[in-house]
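Line by line, the protein sequences are chains A and B. The numbering of the first sequence is our numbering, which starts it at 64 and goes up by one. The numbering of the second sequence is our numbering, which starts it at 101 and goes up by one. One structure is given here, and the rest of the page talks about it.
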Amino acid sequence: MWFAGENAESEWFEVLGEVTADTMKHRLPRLESGTYPSVWSRLLIVAVGVLGLNYIVWRWFHSVNWLVWWIAVPLVLAETYSVIDSMLFQTTMWRRLRRAPPPPPPEGATADIFITTFNEPVEMVMATAEAAQRVSYPHSTWILDDGDRDELAAAATQCGVGYLTRSAHWEDKPRHAKAGNLNNALYQTEGEYILVLDADQVPEPQILDRTLGYFRDPEMALVQTPQYFHNVPFSDPLGSQAPLFYGPIQQGKDGWNAAYFCGTNAVLRREALMQLGIRGYVAAVEEGVRRALYLADKMLKSARREASASRQEVIDALDKVRTAVHDARREIRENRSLADITYEFQRRVDEAARVVVDADVSSMTADLNVIASLGEGREPFEAMMLFDDDALQTMAQRDWSPLGALRSIRAMMDAVDVDRPDEALPTLPMATFSVTEDMATSMQLHASGWKSAYHDEILAQGLAPDDVRTMLAQRLRWAQGTVQVMLRENPLLQRGLSIGQRLMYWATMWSYLAGFAAVAYIAAPAVYLIFGVIPVKAYSWDFFGRLVPFLLLNQFMFMIFSRGRPTWRGQQYSLALFPVWIKACYSAFMNVAFDRPLGFLVTSKVRQGREGIPWRLVKWQLFAMVFLVLASVIGIVQLYFGRAVSVLGVGVNVFWVIVDLIVLSVVFQAIRYRGHGEDESATEEER
Amino acid sequence: MTTFPTRITESGAAVISPTGRITMVTAPQLRADLYALVDGGNTRVVVDFGAVEFIDSSGLSALISGLKHARLAGGDLRISAPNHQVTTILEATTLSRVVGIHETPEAAFPDHV
Numbered sequence: 064m065w066f067a068g069e070n071a072e073s074e075w076f077e078v079l080g081e082v083t084a085d086t087m088k089h090r091l092p093r094l095e096s097g098t099y100p101s102v103w104s105r106l107l108i109v110a111v112g113v114l115g116l117n118y119i120v121w122r123w124f125h126s127v128n129w130l131v132w133w134i135a136v137p138l139v140l141a142e143t144y145s146v147i148d149s150m151l152f153q154t155t156m157w158r159r160l161r162r163a164p165p166p167p168p169p170e171g172a173t174a175d176i177f178i179t180t181f182n183e184p185v186e187m188v189m190a191t192a193e194a195a196q197r198v199s200y201p202h203s204t205w206i207l208d209d210g211d212r213d214e215l216a217a218a219a220t221q222c223g224v225g226y227l228t229r230s231a232h233w234e235d236k237p238r239h240a241k242a243g244n245l246n247n248a249l250y251q252t253e254g255e256y257i258l259v260l261d262a263d264q265v266p267e268p269q270i271l272d273r274t275l276g277y278f279r280d281p282e283m284a285l286v287q288t289p290q291y292f293h294n295v296p297f298s299d300p301l302g303s304q305a306p307l308f309y310g311p312i313q314q315g316k317d318g319w320n321a322a323y324f325c326g327t328n329a330v331l332r333r334e335a336l337m338q339l340g341i342r343g344y345v346a347a348v349e350e351g352v353r354r355a356l357y358l359a360d361k362m363l364k365s366a367r368r369e370a371s372a373s374r375q376e377v378i379d380a381l382d383k384v385r386t387a388v389h390d391a392r393r394e395i396r397e398n399r400s401l402a403d404i405t406y407e408f409q410r411r412v413d414e415a416a417r418v419v420v421d422a423d424v425s426s427m428t429a430d431l432n433v434i435a436s437l438g439e440g441r442e443p444f445e446a447m448m449l450f451d452d453d454a455l456q457t458m459a460q461r462d463w464s465p466l467g468a469l470r471s472i473r474a475m476m477d478a479v480d481v482d483r484p485d486e487a488l489p490t491l492p493m494a495t496f497s498v499t500e501d502m503a504t505s506m507q508l509h510a511s512g513w514k515s516a517y518h519d520e521i522l523a524q525g526l527a528p529d530d531v532r533t534m535l536a537q538r539l540r541w542a543q544g545t546v547q548v549m550l551r552e553n554p555l556l557q558r559g560l561s562i563g564q565r566l567m568y569w570a571t572m573w574s575y576l577a578g579f580a581a582v583a584y585i586a587a588p589a590v591y592l593i594f595g596v597i598p599v600k601a602y603s604w605d606f607f608g609r610l611v612p613f614l615l616l617n618q619f620m621f622m623i624f625s626r627g628r629p630t631w632r633g634q635q636y637s638l639a640l641f642p643v644w645i646k647a648c649y650s651a652f653m654n655v656a657f658d659r660p661l662g663f664l665v666t667s668k669v670r671q672g673r674e675g676i677p678w679r680l681v682k683w684q685l686f687a688m689v690f691l692v693l694a695s696v697i698g699i700v701q702l703y704f705g706r707a708v709s710v711l712g713v714g715v716n717v718f719w720v721i722v723d724l725i726v727l728s729v730v731f732q733a734i735r736y737r738g739h740g741e742d743e744s745a746t747e748e749e750r
Numbered sequence: 101m102t103t104f105p106t107r108i109t110e111s112g113a114a115v116i117s118p119t120g121r122i123t124m125v126t127a128p129q130l131r132a133d134l135y136a137l138v139d140g141g142n143t144r145v146v147v148d149f150g151a152v153e154f155i156d157s158s159g160l161s162a163l164i165s166g167l168k169h170a171r172l173a174g175g176d177l178r179i180s181a182p183n184h185q186v187t188t189i190l191e192a193t194t195l196s197r198v199v200g201i202h203e204t205p206e207a208a209f210p211d212h213v
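Below you can see the structure in the form of structure tokens.
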């Protein structure tokens, strides 16, 4: 068993033959104490890297059968994807940090436990809340009920647990799901450290004692512990456990100071989150000013056209303001203080307006009324309308009287300056632009210089989805969120992140592109077997001599670093869920590029209805399997009649087909799974 | 009346001088004081950090609240004489991009309106 309860402790002390992080510091022990991979492990990493590069470079330059580029190129691209994936894994493992147990909690540290819920059953939430109350380190427990249920409120009061729902500020404002729920609670509580738990994650009493010690480092913002599910059988048919991720991978990211927040079972430093909120506020203000200036420029352009026949001083005033707009935009690009930029800008607008102050007051009022009406009953000039493209279009297309335009610009700048009336809270600590608020938040924390730690010990146990439908919805949501972050805030381009941190975030995102590679891996052998089309120049010694050692050593590296943790299920699912990954990439792209909705659902922790076997959910996998079997039959028949290209070719491709089928076959287990506690025979009877 | 001492500069700006640590405990007082000043007609406010040792995110939130309130009333909120810790956090949170920082309270609003 991999799970860390008993096991991890002994692993932590296993220092033999490993490089220690505490390199001869005499006075203060370094806080990141623990062990990094041994020289031998690192040699293995280098060897796999060299073999992978050797193979893929040779593939591109010497073996692509360009005559059949339509299959040859997708295949070599898929292989390149896999080699890069392996290299990212190697980079992760290079600095795998197995931390020594942390010191005791900082003196006098105060803590809150947040239990987030939306629609989970009251009994489930209360079981978690009661366990949270039993956590031994002094703390306050809070239930954050986004479902606003009286029944839960009563149960919470009865057992003396805090109960929070959204404050009145949130009415008619974007709610931002779980991130919004957490943000709301941050404003109503005051513990220095916050343990975040999903409604089903029952904590161990020692959870805070074991994790708060990391915060003795004043730069530490986050301590993540594993997610472990107690309702999953050993065979884990739905691939719920993530022993490779909550283990070697997070430890590797940790070594690069990039262990990230997974939404639950983590402790956060309040101050770090609040500071993040302030940064977000400043960024939003800057964006508001930027947009206001853009709009001002458009308005001035049309005002200038209309003013061509009017008095010279009006034209001069407009030109002066336009110069001011251009100066302000340049200064924003130069990162000058927004306060100074807007102050100076307002001054120049006033100065210009004073010259023509007696002019056409009535048209000015008319223009102002138009702007006011765009707010639809709300106060005029709210920043909201600046973020609304329709309003922006309407305003820019209207013909403006010169002075009206000046007044409007002035009022608009005042509004966007500091106010954010479009959000319920002035500062939003948790990132709200992605459905996976957790990863986005930790990326921003890292980018502003905070540290994180991964503590490899199971300190809370939860419930995994019990049926394939919920499981698929959950994976889709994670993948969509991750791809969304990748497209919106590409980690490779984030200022403030180190190279290692960029690669670590990128590695997670990269893994969700696996769906496209899977299609090529399924199509290539089938195309050969059916049409005799061979995407590589030859199945030669050169080919196998490069590929086989790489594959074998790559698997060996995997085994060494996972140390007996079951990883096969994870490998299967990363290929077998290819339709989910592709759908996630597509919908996230449409969402980011064209603002289409994602179709986001909250993962249900309760069992879904039990109709027959849901074949439809895995139709693409079934289709792929039928296709592969047919292709093999065709290939073998052609070989029998002497029409195939070569025995070796058919042999190799049938072998790949078998590998594909074994991997894909995981979906049969998945759709037949009827939840933990009901054994296989019950399932058989039900059929 | 405000909790922290206030005075008016020659140019007519209000200066408020909080002391010690501005944290979750004292931030609400600072916020209330800033509101009181603005509501009392002093829309140009300088928060003098000369005697402030430390500020955390709650203190910064109070500043943002005050800044919002002052600007909506047609004025501004500026900061003077922050120590090293205050400057560091203002820069770490990029809040220094929005709030003007000056060496002395007098330098924050040098001119009469």
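By construction, the Cβ of each residue, glycine as well, lies at the ideal position given by its N, Cα and C atoms. Keep in mind that this is a model prediction, so the values were computed, not measured.
query, result
"Any chain A beta carbon closer than 8 Å to Leu-137(B)", "no"
"Ala-468(A) versus Gln-507(A), Ile-134(A), Arg-551(A) and Val-384(A), residue with shortest Cα-Cα distance", "Val-384(A)"
"Where the beta strand (DSSP E) through Trp-205(A) begins and ends", "203-208"
"Residue span of the beta strand (DSSP E) that contains Val-345(A), given as start and end", "Premise fails: Val-345(A) lies in the alpha helix (DSSP H), 333-369, not in any beta strand (DSSP E)."
"Completely contained alpha helix (DSSP H) runs for the segment 184-213 of chain B, where each covers 4 or more residues", "184-192 and 205-208"
"Within chain B, partners of Ser-511(A) - CB distance below 7 Å", "Ala-192"
"Minimum length 4: unbroken alpha helix (DSSP H) runs contained in the segment 172-229 of chain A", "185-196 and 213-221"
"Rounded distance between the beta-carbons of Asn-247(A) and Leu-227(A), thought under 8 Å", "7 Å"
"Test: Phe-450(A) CB closer than 8 Å to a CB of chain B", "Any reading at Phe-450(A) is ruled out, since the residue's pLDDT is 39, under 50, leaving its predicted position unreliable."
"Sequence-distant residues of its chain with Cβ nearer than 7 Å to Phe-619(A) (five each side left out)", "none"
"Identity of the residue in Arg-178(B), Arg-171(B), Gly-159(B) and Arg-144(B) nearest Ser-111(B) by Cα", "Arg-144(B)"
"Beta-bridge partners of Lys-514(A), as assigned by DSSP", "Met-283(A)"
"Within-8 Å CB hit, Ser-111(B) to chain A", "no"
"Members of the segment 197-211 of chain B near chain A, C-beta cut-off 9 Å", "Arg-197, Val-198, Val-199, Gly-200 and Ile-201"
"Proximity below 8 Å, CB of Gly-225(A) to CB of Ile-206(A)", "yes"
"Residues within the segment 385-403 of chain A neighbouring chain B, beta-carbon criterion of under 9 Å", "Asn-398, Arg-399, Ser-400, Leu-401, Ala-402 and Asp-403"
"Per DSSP, cross-strand counterpart(s) of Gln-524(A)", "Val-265(A) and Tyr-291(A)"
"Residues of the segment 323-347 of chain A whose Cβ lies closer than 7 Å to any Cβ of chain B, in chain order", "Glu-334, Met-337, Gln-338, Ile-341, Arg-342, Tyr-344 and Val-345"
"Spatially closest choice to Phe-149(A) from Glu-170(A), Ala-347(A), Ile-108(A) and Ala-589(A), by CA coordinates", "Inspection of the sequence shows that residue 149(A) is occupied by Ser rather than by Phe. With distances taken between Cα atoms, Ser-149(A) lies closest to Ile-108(A)."
"Straight-line gap, Pro-791(A) to Gly-512(A) (C-alpha atoms, nearest Å)", "Since the first residue of chain A shown is 64 and the last is 750, residue 791(A) is not available in this structure."
"With 16 other Cβ atoms within 10 Å as the buried cut-off, status of Arg-441(A)", "Its pLDDT being 36, under 50, Arg-441(A) is placed unreliably in this model, and the coordinates cannot settle the point."
"Cross-chain neighbours of Ser-180(B) in chain A, by beta carbon under 8 Å", "Going along chain A, no residue has its Cβ under 8 Å from Ser-180(B), so there is no contact; the nearest lies around 13 Å."
"Given Ile-179(B) as reference, the closest of Val-152(B), Ala-173(B) and Ser-158(B) once Cα atoms are compared", "Val-152(B)"
"Runs of alpha helix (DSSP H) lying entirely within the segment 539-583 of chain A, each at least 4 residues, in chain order", "562-574"
"Cβ of Glu-376(A) within 8 Å of any chain B Cβ", "no"
"Residue-level contact to chain A via CB, Asp-156(B), 8 Å cutoff", "yes"
"Under 9 Å by beta carbon: chain B residues contacting Glu-193(A)", "Ordered by position in chain B, no residue passes the 9 Å Cβ test against Glu-193(A), which lies about 29 Å from the chain."
"Reduced DSSP secondary structure (H/G/I, E/B, other) of Val-125(B)", "coil"
"Integer-rounded CB distance, given that Tyr-517(A) should sit under 8 Å from Thr-545(A)", "No, Thr-545(A) and Tyr-517(A) are not in contact; Cβ-Cβ is about 18 Å, not under 8 Å."
"Inter-residue spacing [alpha-carbon to alpha-carbon] between Asn-70(A) and Arg-162(A)", "Unreliable positioning characterises Asn-70(A) in this predicted model, as indicated by a pLDDT of 39, which lies under 50. The coordinate reading is nonetheless provided below. C-alpha separation (whole angstroms): 14 Å."
"Expected contact under 8 Å - CB spacing of Glu-500(A) and Ala-242(A) to nearest Å", "4 Å"
"Cutoff 8 Å; reference Ile-734(A); Cβ partners in own chain excluding five residues on either side", "Val-531, Ile-676, Pro-677, Trp-678, Leu-680 and Val-681"
"Residue from Val-185(A), Ala-262(A), Ser-298(A) and Val-131(A) whose Cα sits closest to the Cα of Gln-732(A)", "Ser-298(A)"
"Val-259(A) beta carbon less than 8 Å from that of Phe-177(A)", "yes"
"6 Å Cβ shell around Val-717(A) - same chain, five flanking residues per side excluded", "Ser-695"
"Per DSSP, the bridge partner or partners of Gly-97(A)", "Arg-162(A)"
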